[in-house]
Structures are given as structure tokens and as C-alpha cells.
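K.L.:
Line by line, the protein sequences give chains A and B.
Using our numbering, the letters of the first sequence map in sequence onto residues 84 to 369.
Using our numbering, the letters of the second sequence map in sequence onto residues 14 to 236.
From the three backbone atoms N, C-alpha and C, an ideal C-beta is built for every residue, glycine too.
Please find one structure pasted underneath; my questions will follow.
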Amino acid sequence: MSEAVVALLEVDNLKVNFHTPTGIVRAVRGLSFSLGRERLGIVGESGSGKSMTGRAILDLIPYPGEVLADRMLFRGEDLLTMPKATRRKLRGRRISMVMQDPKFSLNPVMTVGDQIAEAYRVHHKANAREARERTLAMLDAVQIREPERVYALYPHEVSGGMGQRVMIAMMLIAEPDILIADEPTSALDVTVQLQVLKILDDLVTSRGMGLIFISHDLHLVQSFCDRVIVMYGGKAMETMPAAELADPSAMSRRHPYTLGLLGCLPELGNPKGRLSTLTRDPEWLA
Amino acid sequence: MAEGESYGIVGESGSGKSTVLRVLAGLNQEWSGAVTIFRKAQPRVRDKAFHRAVQMVFQDPYGSLHPKKTLDDALAEPLAIHGIGDAERRIARALSDVGLPSAFRYRYPHQLSGGQRQRVAIARALVLEPTLFLLDEPTSALDVSIQAEVLNLLQALRQERKLTYILVSHDLAVVGHMCERLMVMQHGQCVEEMSAATLSARKPETAYAQALLVASEGFRRQG
């Protein structure tokens, strides 16, 4: 493999365990994938370990969790063996994460503009004026009208969709190589959701970022991502090109779990008398 | 709405769909106009018989059950309020109707999964044997597989008990699956009323309903 095609991120046999008084909870059990400059979707139900995967990459697993992996390479550097301080520098600067709910992830007592500027100054040598200018440009890039006015607003003064854009601006201002988006649009209305996705899409394409898009929404992932990992019980059930999720001729190749998930969705224009429910096979976790 | 019908209300957040439901349920008393339910103009404050016949199921099963009360307490309370005897049999029946094992009866909400809690919320509405069910986003907090189970349950109950449903949701596919007619709301006003057949044929008349339909189909890349 030549230098040019080294994957942005390579994860081999990732495990996340929580040591609790009642035994070990295995949130992720042996997940392997690689990420290039693409949109990789991770779908699964709640508790399938998709968010924990995103957090493990950033070393954000809280105590008493532990992250184990055979390999976790970011552009060829091993994330697991590097000193904590080096890893901390990567976080936010090279790999960053957009959380689900802007209401809980923004600092309520600081204007959104100052928060974005702070994120910039943590990672770049810049004076306050430069940081402000970059922030205004970034707010403009995420299609916020009147960036000057929004800069001075507090998080409670912005709407959900705008808050999510502020978060995206904050995460992208450091120009990371990888963006992990954990249900970035689940709290938003469908029309706003599409605007936010459009922004993410444009930024990924124009900056050549790698995007890990974590979601429970199969339709959304199928229409937005290049590749999809379907997770269940901490394991990858299958990995496939996103287009195949909507392709009826590829259905015979699908994992029964994926088929089950697709089957329980009500569809417009294809009325089903009764929705099929999912039967879970314990063998999937073997 | 006719008896036994299922009617959907869709719209974005802030469009007023939940508020309409709360007015119908008598939970919101700040309204003007006329509300006629059961061929009777309803006053602001409804009587007990009304609340017995009209029951609401809320969106968040994590928030709508009292954390320190067992399922038995939660189901016995509406019966006590309405002075209905025979609690024993009714609670057992409501639990079995929603497909929960009777062993669950003395459990607390935290011992249940999200889907099970929503079943309890439905059971709590069912014990009073109402005729009109008001469903406020009953599945939006649940995974798709659990959503399918809850929707199937609601469908089956409706057929069995001849219930009338008003379902509020932001998910057009869910409304299309559950309802015969629906209304699209925006900024507190009805934009369009249509049949489920019009919806599944993707032929709404107004631009807003069209836009909502397109948006619900996922992301589209230009060019």
C-alpha cells in the first residue's frame, strides 16, 4: 500500500467493556473497519454500541469503561500507544465529534460565537480578532444568516437547527481530518435535517474529510452515506455500499438483521397490513 | 371525524399539532372556538365521564410513568379516580391486552425497556375502556423494531375494541400506515387535509405538504 492510499482511520477488533458491580458489560465486541475520505454510516438500534464506537475513537469512554483493540491507527499512527497528551492534541484538532443534542452540548453561559472562537484558539495560534473573523466566516459557511448577530447570542436564544449548525461550525473550525457525527440531526425537523445534512455533505466533499455518521435512521443513512455498517449488540452484522440498502436485487445478500430492520418500517405507497417485527437470533452475537 | 376512524395530524415541531391534541383532551384550557366530541359541545373544563371516554398516550414513556410507582399502582390509579371496582380483573386484562406478562405487574418503570413502558402507558389508557384514543407521537422515542411492535398493538386494539384514534406524529410513513385521513399543519394552521391514499400516491396539493413528503424520503444530492 503506497503512502497516498493509507486510510484515515483503521480499527481492528475494537472492544469497549464496562466493569460494573454486576459483571462486565460489553458495549462493543470486536468491531473492525477502516475509513477513507468518505461518508461511512453506522446504523443500529439503541444499545448496539454505535455511539460507544465513536467515543472510543476519541478516547471519551468514561470510567469504568475500557477500550481494547488490536489496532487503532489514525493516518498510520497508533492511537492506543501514543502518549495521552498527544492524543489530546488530536482530539478536536484532527478528529472531532458532533453530538446529538445542541441543548446539552453547548455552554449555556457563553455566547455561541465566543465558544466557536475558543475552539479555534485552543488549536491554532491566533489572536482574538483573527479568531472572531474565522468564526464569522465559519458561521457563514454553515449557512447562518447574519453571523454578526448570531455570534452574540447565547445557546438558549438559538433554535435547535441553528444550535446544531453552531456545533458543526465549532467542530469544523479546527479543520479536522475526521468528523464523527453522532445522530447529528435526530433532534431536528425533517426539513431542517436536510439543510444540516447538506452543509455536512458540502464540507466533507470540499475539504476531503472522512465522516462517520452514526444514526438509527436507515433511510437517512442509505440516502446520505457511501458505505454502511449495520451494528447489533456491539458487533458489525454487515458492511455494504449504502446504495445496496435500497436495491431490491441485493436483498438476498443482506444479513437477516438488516432485512428485519427494513421490514419493520412502515412505507408510504406500500401499505402493509401488519408490520413485521424483528426476531433476534442469539447466534448473531456468537 | 366519524366513530371508529383513525385520523392523523402531521407537522414540524412548533406547528401546534400537540397543542390541538391537548385541547381535545381538555388539558389545555386556553382556547376559543368550538370543540364537539361525542356530539356534544365541550366546555373548557370537562366532566369525569369525558375523561373516562377519552384517553391520551404521551410521547415519552420515560417521562410519563411515575418512577416510584409500580405498574400495578399506575394502572390502579385511574380506576380509583373513577370509582370503578373490579380493579383486579381489569388490570390483569389490560396487561394481557398489551402483551405484557402478568409477572410484570409489580415492577417499577426502571425495570422495563422503552417499548415495554409505552405498552404500560397504553395499558393505563385502556383500563378505563375509553372510546377515543389521543396518541401524541407514541413511537417517536422508540427504535424502529419496537415501533413496529407498538404500532401493531395499536392496530390490533383498534380493530378489537372499535376505538377511534387521533394520532399526532412527525413521521409521514407512520401516519400513512395507521390513519385513513390526515391533516398537515404549519404555524398553527391546517395547510391541507387529505386521505391516506393521496399521501401514499404522493399527490398532496399544497407545496408545503409536498416539501414535507420529499424531505421525509431522505437526503438527495444535487447533480
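#1: Taking buried to mean at least 16 other C-beta atoms within 10 Å of its own C-beta, is E205 of chain B buried or exposed?
#2: If the cut is a Cβ gap below 8 Å, which residues of chain A does A228 of chain B touch?
#3: Can you pull the chain A residues whose beta carbon is under 8 Å from the beta carbon of D156 of chain B, in chain order?
#4: Determine the extent of the beta strand (DSSP E) in which Q199 of chain B is found, giving its start and end residues.
#5: Would you say F116 of chain A reaches chain B, if we count a Cβ-Cβ gap shorter than 9 Å as a contact?
#6: Of the residues A:L114, A:P147 and A:L255, which one's Cα is nearest the Cα of R177 of chain A?
#7: Check whether the region 181–190 of chain B and the region 19–33 of chain B are in contact - that is, three or more C-beta pairs closer than 8 Å.
#8: If you reduce the DSSP assignment to three classes, tell me which class L97 of chain A lands in.
#9: Would you call the region 119–137 of chain B and the region 68–86 of chain B touching, i.e. three or more CB-CB distances under 8 Å?
#10: Could you pull out every residue in the same chain whose Cβ sits closer than 6 Å to the Cβ of V36 of chain B, ignoring the five residues on either side in sequence?
#11: Return the first residue and the last residue of the alpha helix (DSSP H) that S126 of chain B is part of.
#12: So, under 8 Å CB-CB, V67 of chain B and I50 of chain B are touching, yes? Tell me the CB distance rounded to an integer number of Å.
#13: According to DSSP, is I92 of chain A helix, strand or coil?
#14: Do we get a CB-CB distance below 9 Å when we pair D284 of chain A with the residues of chain B?
#15: S115 of chain A: which of A:K133, A:D223 and A:K281 sits nearest, CA to CA?
#16: Scan the region 57–127 of chain B and note each continuous alpha helix (DSSP H) run of 4 residues or more that stays entirely inside, going in chain order.
#17: Please give the ranges of any beta strand (DSSP E) in the region 250–275 of chain A, keeping only runs that are unbroken, at least 3 residues long and fully inside the region.
#18: Do you know offhand how far T194 of chain A's Cα is from M182 of chain A's?
#19: Exposed or buried, what is A105 of chain B when buried is set at 16 or more other beta-carbons lying within 10 Å of its beta-carbon?
#20: Starting from the beta carbon of E162 of chain B, find every residue of chain A whose beta carbon is closer than 7 Å, and list them in chain order.
#21: Run through the region 142–214 of chain A for me and flag every whole beta strand (DSSP E) of 3 or more residues, listed as ranges in chain order.
#22: May I ask you to report which of helix, strand or coil DSSP gives P365 of chain A?
#23: Who are the near neighbours of H102 of chain A in its chain, counting only those whose CB is closer than 6 Å to its CB and skipping five residues on each side?
#24: Do D184 of chain A and A270 of chain A count as a contact pair if the criterion is CB distance below 9 Å?
#25: Tell me which residue opens and which closes the beta strand (DSSP E) that V313 of chain A is part of.
#26: In the region 288–339 of chain A, which residue ranges form an unbroken beta strand (DSSP E) of at least 3 residues, counting only runs that do not cross its ends?
#27: Does the CB of A214 of chain B have a neighbour CB from chain A at under 9 Å?
#28: Any idea if V197 of chain B is buried or exposed, counting beta-carbon neighbours within 10 angstroms, 16 or more meaning buried?
#29: Is there a Cβ from chain B that is less than 9 Å from the Cβ of E350 of chain A?
#30: State the beta-bridge partners of C347 of chain A as determined by DSSP.
#31: So that I know if they touch, is there some Cβ in chain A lying closer than 9 Å to that of L113 of chain B?
#32: For F307 of chain A, go through chain B and note every residue whose CB falls closer than 9 Å to its CB, in chain order.
#33: What residues in the region 17–28 of chain B bring their beta carbon closer than 8 Å to a beta carbon of chain A?
#34: Going along chain A, which residues have a C-beta under 9 Å from G189 of chain B?
#35: Going by C-alpha distance, which of A:V311, A:A333 and A:A369 is nearest G127 of chain A?
#36: Applying the criterion that 16 or more other CB atoms from any shown protein chain within 10 Å of the CB defines a buried residue, is I94 of chain B buried or exposed?
P.N.:
Concretely, from the data shown:
#1: Taking the first residue of the second sequence as 1, we reach residue 205 of chain B at position 192. Classification of E205 of chain B: buried, given that the 10 Å Cβ count is 16 or more.
#2: Against the second sequence, residue 228 of chain B aligns to sequence position 215. In chain order: V273, T274, Q276 and L277.
#3: Taking the first residue of the second sequence as position 1, residue 156 of chain B is located at position 143. Under the 8 Å cutoff, chain A gives E128, S129 and H299.
#4: Within the second sequence, numbered from 1, the residue matching residue 199 of chain B stands at position 186. Element bounds for Q199 of chain B: R194 to Q199.
#5: Taking the first sequence and counting its residues from 1, the one referred to as residue 116 of chain A is at position 33. So, not an interface residue.
#6: Locating residue 177 of chain A in the first sequence gives position 94, counting from the first residue. Minimum Cα distance to R177 of chain A is reached at A:L255.
#7: yes
#8: On the first sequence, residue 97 of chain A is found 14 positions in, with the first residue counted as 1. Residue state, collapsed to three classes: strand.
#9: yes
#10: Here the question's residue 36 of chain B lines up with position 23 in the second sequence. Closer than 6 Å at the Cβ level, and outside the excluded window around V36 of chain B, lie W44.
#11: Indexing the second sequence from 1 puts residue 126 of chain B at position 113. Note, S126 of chain B: premise wrong, no alpha helix (DSSP H); not H, not E.
#12: In the second sequence, counting from the first residue as 1, residue 67 of chain B sits at position 54. In the second sequence, counting from the first residue as 1, residue 50 of chain B sits at position 37. The Cβ separation is near 7 Å, so the contact holds.
#13: For this step, residue 92 of chain A is matched to residue 9 along the first sequence. Position check: residue 92 of chain A holds Leu in this sequence, whereas Ile was assumed. In this structure, L92 of chain A counts as strand in the three-state DSSP scheme.
#14: Within the first sequence, the letter at position 201 stands for residue 284 of chain A. Yes, contact with chain B.
#15: In the first sequence, residue 115 of chain A corresponds to position 32, counting from 1. Ranking A:K133, A:D223 and A:K281 by Cα distance to S115 of chain A puts A:K133 first.
#16: 61–66, 84–94 and 100–110
#17: 261–265
#18: Taking the first residue of the first sequence as 1, we reach residue 194 of chain A at position 111. Taking the first residue of the first sequence as 1, we reach residue 182 of chain A at position 99. Rounded to whole angstroms, T194 of chain A to M182 of chain A spans 18 Å at the Cα level.
#19: The sequence position of residue 105 of chain B within the second sequence is 92, counting from 1. A105 of chain B should be labelled exposed.
#20: Position 149 of the second sequence, counted from the first residue, corresponds to residue 162 of chain B. The answer, in chain order, is T360.
#21: 148–151, 154–157 and 178–181
#22: Indexing the first sequence from 1 puts residue 365 of chain A at position 282. Three-state DSSP puts P365 of chain A in a helix.
#23: As a first step, residue 102 of chain A is located in the first sequence; it is residue number 19 there, counting from the start. Taken in chain order, the residues that qualify are P147.
#24: Position 187 of the first sequence, counting from 1, holds the residue named residue 270 of chain A. Position 101 of the first sequence, counting from 1, holds the residue named residue 184 of chain A. Against a cut-off of 9 Å, the Cβ pair of D184 of chain A and A270 of chain A comes out as a contact.
#25: Reading the first sequence from its first residue, position 230 is the one you call residue 313 of chain A. Residues R310 to Y315.
#26: 293–298, 310–315 and 318–324
#27: In the second sequence, counting from the first residue as 1, residue 214 of chain B sits at position 201. Answer yes: the Cβ-Cβ gap between A214 of chain B and chain A drops below 9 Å somewhere.
#28: Residue 197 of chain B sits at position 184 when you count from the first residue of the second sequence. Label assigned to V197 of chain B: buried.
#29: Position 267 of the first sequence holds residue 350 of chain A. It does; some Cβ of chain B falls within 9 Å.
#30: Start at 1 with the first residue of the first sequence, and residue 347 of chain A comes out as number 264. DSSP output for C347 of chain A lists no bridge partner at all.
#31: For the purposes of this step, residue 113 of chain B is identified with residue 100 of the second sequence, where counting begins at 1. With 9 Å as the cut-off, L113 of chain B does not count as an interface residue toward chain A.
#32: In the first sequence, counting from the first residue as 1, residue 307 of chain A sits at position 224. Those within 9 Å of F307 of chain A in chain B are G231, F232 and R234.
#33: E25 and S26
#34: Along the second sequence, read from residue 1 onward, the residue named residue 189 of chain B stands at position 176. Under the 9 Å cutoff, chain A gives P349, E350, L351, G352 and P354.
#35: Taking the first residue of the first sequence as 1, we reach residue 127 of chain A at position 44. Measuring from the Cα of G127 of chain A, the nearest candidate turns out to be A:V311.
#36: Against the second sequence, residue 94 of chain B aligns to sequence position 81. I94 of chain B should be labelled exposed.
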